[in-house]
Each structure stands twice: as C-alpha cells, then as structure tokens.
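Numbering (our numbering), first residue to last: 3 to 255. Quick reminder that beta carbons are idealized off the backbone N, C-alpha and C, glycines included. This one's a predicted model, so the numbers in the text were calculated from it and none came from an experiment.
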Ligand code: PEP
C-alpha cells in the first residue's frame, strides 16, 4: 500500500453520549498503531464531542448538504460540520442513495462543497447483487465514479474512494479477494485516467462490506486495498481495534 492504511468507522444512525467511551478507547489504543490512520464518523450530534475527546483519531461526518447556509430545515452543510470539528465527510453511501434517492450529480455537488469547506472526502460506490450477477459490476461502479468525481487537479490527500458492494454491507458476506482486487484495479485505472498516475497514486481505495477482525488482515493485504470502511464492527472499540490490528499486520506482510 502506498500510504498508511486508513481504517474508518461509520457509526451510521447509532450512538448517544454513552458511545463516547468507545471513542475514547479507540483513541487510546490507536496510539499504539501509528502505522494505521484511524478515523470515525459518528452521527452529527456527536461530532463535536468526539473531536474534543479523541485527539489521535480523525473525526468526520456521514453526509452534508451541498448548499450554503439558508432555508433548508433539518439540513447541515459542509462548513457547519467542519466548524464542529469534522475533518472529512463520507458521501454517496449506498444507504443515502437508497433511503434519500441521492443521484451521482447531487453527490458531485456535495463533494465540491465539502472540498470548498476544507474537508477531505470519502466517496462511496458499489453495485447491487443483480448488477454483479449480470456481469455489469465494473461498468456500473466506474459510471458512478465518473459522474461523481470532482474536477480538481490534485486529489492528493483530499480524496478517498470506498468500494462497497451493496450485497456485502451488513450481511456478513464479503467479496472475494480476487473480486476486490479486480474492482480496485479498475477504479485505479479510472483515477489514473482522470488525474494522472502520480496524483492517482495518492488516493486510497478502501473496501467496505462486513469487514470484521477475523477477515480484516486478508482483505487489507489484497492488492490496491488502502484501508477499510467499517459499519457494524465499528460500534465496539474491541471489534474496531481488531480491524486496526489486522491492518497493521497486513502492512507488515
Ligand atoms: C458500511 O455501511 O459502510 C459498511 C461497510 O457496513 P458493514 O461493515 O456493517 O457491512
């Protein structure tokens, strides 16, 4: 892997202040694994508290509105989450696409606004099982990315891609290392074409979908896997740290 592996926990719609003890435990332990970059994306309501309590790990948001401030009841924009302490935002997660009808064009607008606010972006992509079974997974994922990728010249450090096959999210099923390597290789090809090989090499491609302590090492040792986006297993410090350990071991292979 070109850079430190990046392990990001997506807490989704989970967590009250009682979860801060998990964030503190993750933060304390992460200091022992400096070869791994560790971050969590709690719900909006906990971003500021996690930012204050956890000094070693990165804190981010799970979404943002693409607009400037204004009359959008219930929405939160990129500058607001940056002000709360977020350093990055996850955009285009399949649950947002499904639950809120988010299109690639909307996701592109969100990315541009997040970058303008100084945030790093984790852009998610991934196919359904029907699309994979039809042999169209790669074309589908590349089309998603082409439509959503930002137009900036130098994505270094500001852009991360997360490949998350929808059928592997929260199901206990994971893609095989060969499938992951093939898809990540295709994504790398698109990044090379879009930004040039040197800039593309700085962009980590994470895998997401039922990553757990017992499969993390194998997944993270797969070619072109630069880390993991972790849902369910990130809700317990013990499980999440098991994945951080797997990343650290994969790095040594
Ligand atoms: C996710 O939703 O980003 C995810 C990868 O979830 P899980 O780890 O629970 O499959």
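Tell me whether residue i sits in a helix, a strand or coil according to DSSP, three-state version.
{"i": "residue 59", "result": "coil"}
{"i": "residue 6", "result": "coil"}
{"i": "residue 192", "result": "helix"}
{"i": "residue 219", "result": "helix"}
Need the endpoints of the alpha helix (DSSP H) that residue i sits in, please.
{"i": "residue 234", "result": "Where residue 234 is concerned, there is no enclosing alpha helix (DSSP H), given that its DSSP letter is neither H nor E."}
{"i": "residue 133", "result": "131-135"}
{"i": "residue 161", "result": "Looking at the DSSP string, residue 161 is not in any alpha helix (DSSP H); the run it does join, the beta strand (DSSP E), is 161-165."}
{"i": "residue 93", "result": "Looking at the DSSP string, residue 93 is not in any alpha helix (DSSP H); the run it does join, the beta strand (DSSP E), is 90-93."}
{"i": "residue 143", "result": "139-150"}
Note down the Cα distance separating residue i from residue j, rounded to an integer number of angstroms.
{"i": "residue 97", "j": "residue 178", "result": "22 angstroms"}
{"i": "residue 132", "j": "residue 118", "result": "36 angstroms"}
{"i": "residue 93", "j": "residue 254", "result": "30 angstroms"}
{"i": "residue 104", "j": "residue 251", "result": "37 angstroms"}
{"i": "residue 3", "j": "residue 208", "result": "Annotation note: pLDDT 41 at residue 3 (below 50); position unreliable, coordinate value reported separately. Straight-line Cα distance between these residues: approximately 11 angstroms."}
{"i": "residue 81", "j": "residue 116", "result": "8 angstroms"}
{"i": "residue 158", "j": "residue 204", "result": "5 angstroms"}
{"i": "residue 232", "j": "residue 206", "result": "15 angstroms"}
Between which two residues does the beta strand (DSSP E) carrying residue i extend?
{"i": "residue 330", "result": "Absent from the model: residue 330. The displayed extent of the chain is 3 to 255, so no value can be given."}
{"i": "residue 210", "result": "206-210"}
{"i": "residue 125", "result": "122-127"}
Practice task
Take every Cβ of the stretch 15-22, pair it with every Cβ of the stretch 162-182, and state whether three or more of those distances are shorter than 8 angstroms.
Solution key: In short, these stretches do not touch, since the Cβ pair count stays below three.
Practice task
Pair every Cβ in the stretch 122-131 with every Cβ in the stretch 68-75, then say whether three or more of these pairs are closer than 8 angstroms.
Solution key: Because the criterion of three Cβ pairs below 8 angstroms is not met, the stretch 122-131 and the stretch 68-75 do not touch.
Handout entry: the stretch 212-231 / the stretch 134-148 touching (three or more Cβ pairs under 8 angstroms)
Key = They do not touch, by the three-pair rule.
Problem - alpha helix (DSSP H) runs wholly inside the stretch 10-63, at least 4 long, in chain order - result: Within the stretch 10-63, the complete alpha helix (DSSP H) segments at least 4 residues long are 22-32, 46-55, listed from N- to C-terminus.
Problem - Within the stretch 76-120, ranges of the beta strand (DSSP E) (whole runs, at least 3 residues) - result: Under the rule that a run must span 3 or more residues, the beta strand (DSSP E) segments found entirely inside the stretch 76-120 read 90-93.
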